[in-house]
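Input: a single structure, listed below in structure tokens.
In the working numbering, the protein residues as written are 1 to 634.
Right under this line is the structure:
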């Protein structure tokens, strides 16, 4: 490992964070080489076909970004590693309520300062080998595999959902086409995933280069139709090396005093390292990365030690990633309407090792780390959306709906009735039928970071899992009679979710294996339509409406299919309004006769979460103050 630091400067304009003081920003690049014959690298697909240096090693480079206490002696001796999402930093936004920026510089970019007040050294690094330059994204330069120096050519598949009706339109391919002969490729369109494909003739598309095609849209398909392009591609990136890049950089920062050229570790102070534990955090794509990282054995570094002591993977569902594949596309993830057929969401799904009743295979996400005694302590948190779109029921129920155990080193938490990413992600979605779900759940994550740290460093058990279960009657079929959603005027409940089959990936396009379908379940709701199991944040425990994890696409955008949002259906203000509209849900005036009554119930709900170590005291005060200022309470 070689570290090149390009700049060190004061962070947040010198803002001080309590006893920890000010922070510094350290920005640079890390270059490394891996032995393709080492057993812990053997699982990296095409590593043996990557170019090597004179020593027979495979080289790569990654960007890194470190926020450290200016005086490391005042830090908490922990690295908080935030897995970047498509090159973007997430933790400051998700945990500090900070703006979503990739080069935090000003005091406002620290948000409420939570992670800095705790004393963490925050580390980010690139791992994804297909990220474009710009926007302060963290990138990885990974090698291209060849066949004894000749290009590797194989069939690749891209999917495009344009969400507009402009025509013609130019789209970029994931890999260069090996030939510009249209006869060697096929472009199809279908309105919905399950619909038959219509093959488009050459007059409807053309190559603009070996990395771009132009599509002239046919009649009869709306803005959200699925265009699928299958073509001979070349130059596969050794994308699985991104897992090793994270493993090796974190191991260096944790254990090594200096790099291969003698340059000091930026977390070294007075000749010694100041790191005792490493926690990892990943949301959405980054959470799926962590699940896959653990499953593929990368939490064991090359000297046999753990990489991460504790992990929080959030809104990942039961998915893994499309990373350690030939012609990988790490940005893909399966939803009910989009990216359904990409190979990243097949068995295993759960942390426990089980035999899959659908495929007959036996495996679990912890199988490799259990064999090497390198498993971290894990918290996986889910939004309601990730049951509908991410098949999160497969974490606790097998493909036939039979309950499976949760290992002792794992906690699972559902944030009841919230949407993927929280309420702030709904901006600029033009195609949802219903108003998006405004509920935010980052406040609970802060408490879980504290609980995970205590679990890892002091052995204090965290709150028990709060997750729907088949045995408790809270994990049910999405069929209307089981789910129990109320008949809200003007609202359609269709019972759609992201179905899953065992797939045959030996053909393109991939095809479901007949009779090998998984049962997908969802959280039960109460008479208001709000979810019963999980952690109910005060906005859900003391609701002003129905908050769901699902939403439907509107007319012109694959109407009736799911969109990656929740919905919000407010209660009527008065009983008279409710009765006039035929709404079965009690109105606000029936629930909360006075503003004080409402605020007292909010405070009680927040106190209950604090008593369960699911909310910090500082956040109880924030929640009560925000409720008091709410314009929706009279």
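Even glycine gets a Cβ: it sits at the ideal position worked out from N, Cα and C.
Check	Outcome
Hey, out of 400, 312, 120, 94, whose CA is closest to residue 275's CA?	120
I'd like the span of the alpha helix (DSSP H) that includes residue 385, first residue to last.	385-388
Have a look at residue 382 and residue 61 and give me their C-alpha separation to the nearest angstrom.	33 Å
Would you tell me roughly how many angstroms separate the C-alpha atoms of residue 7 and residue 185, rounded to the nearest one?	47 Å
Hey, quick one: how far does the beta strand (DSSP E) through residue 205 stretch, first residue to last?	205-209
Examine the Cβ distances between the region 436-456 and the region 415-423 and report whether three or more of them are shorter than 8 Å.	yes
Terminal residues of the continuous beta strand (DSSP E) containing residue 518?	Per DSSP, residue 518 belongs to no beta strand (DSSP E) and is neither H nor E.
Suppose the cutoff is 7 Å on Cβ atoms and the five residues either side in sequence are ignored; what does the same chain contact list for residue 286 look like?	83, 84, 85, 90
Are there three or more Cβ pairs, one per stretch, closer than 8 Å when the region 594-602 is compared with the region 459-469?	no
How big is the Cα-Cα spacing for residue 157 and residue 505?	11 Å
If you pair each beta-carbon of the region 233-249 with each one of the region 313-324, do three or more pairs fall below 8 Å?	yes
DSSP on residue 47, reduced to helix/strand/coil?	helix
Quick one: Cα of residue 370 to Cα of residue 24, how far?	37 Å
Can you find the residues in the same chain that come closer than 6 Å, C-beta to C-beta, to residue 358, ignoring five residues on each side of it along the sequence?	399, 502, 516, 518
Take residue 298 and list the residues in its own chain whose beta-carbon comes closer than 6 Å to its own, dropping the five residues that flank it on each side.	243, 247
Quick one: residues in its chain with C-beta nearer than 6 Å to the C-beta of residue 394, no 5 flanking neighbours on either side, listed in chain order?	318, 349
Taking residue 87 as the reference, give the member of 265, 74, 465, 283 with the closest Cα.	283
Specify the secondary structure class of residue 504 as computed by DSSP and reduced to three states.	strand
Along the chain, which unbroken stretches of the alpha helix (DSSP H) at least 4 residues long are found entirely within the region 349-417?	367-372, 385-388
Would you call the region 208-226 and the region 100-118 touching, i.e. three or more CB-CB distances under 8 Å?	no
What's the C-alpha gap between residue 168 and residue 217?	6 Å
Beta carbon of residue 417, beta carbon of residue 547: below 8 Å?	yes
Evaluate residue 478 with the Cβ neighbour count: other Cβ atoms within 10 Å of its Cβ, from every protein chain shown; 16 or more gives buried, anything less gives exposed.	buried
Using a Cβ-Cβ cut-off of 6 Å (strictly less than) and excluding sequence neighbours within five positions of residue 520, which residues of its own chain qualify?	391, 393, 497
Just verifying my parser: in three-state terms, what is the DSSP assignment at residue 620?	helix
Considering only the alpha carbon of each residue, which of 225, 301, 269, 529 lies closest to residue 556?	225
Given that a residue counts as buried once 16 or more other Cβ atoms are within 10 Å of its Cβ, and exposed if not, what is residue 634?	Confidence in residue 634 is poor, its pLDDT being 48 and thus under 50, which makes the residue's placement too unreliable to answer from.
Between residue 615 and residue 629, which are expected to be in contact by the criterion C-beta below 8 Å, what is the C-beta distance as a whole number of angstroms?	Contact doesn't hold; Cβ gap of about 19 Å is too wide.
Might you give, ordered along the chain, the residues of its own chain that have their beta carbon closer than 8 Å to the beta carbon of residue 213, omitting 5 neighbours on each side?	170, 171, 173, 187, 205, 206, 207, 229
What's the gap between the Cα of residue 525 and the Cα of residue 540?	12 Å
Can you say whether residue 139 is buried or exposed, counting buried as having 16 or more other CB atoms within 10 angstroms of its CB?	buried
Out of 410, 342, 252, which one is the CA nearest neighbour of residue 301?	252
Curious, which full-length beta strand (DSSP E) runs of at least 3 residues does the region 168-250 contain?	169-172, 186-190, 205-209, 212-215, 226-234
In whole angstroms, what separates the C-alpha of residue 331 from that of residue 443?	27 Å
What's the gap between the Cα of residue 560 and the Cα of residue 589?	33 Å
Below 6 Å CB to CB, which residues in the same chain sit around residue 33 once its five sequence neighbours on both sides are set aside?	57, 59
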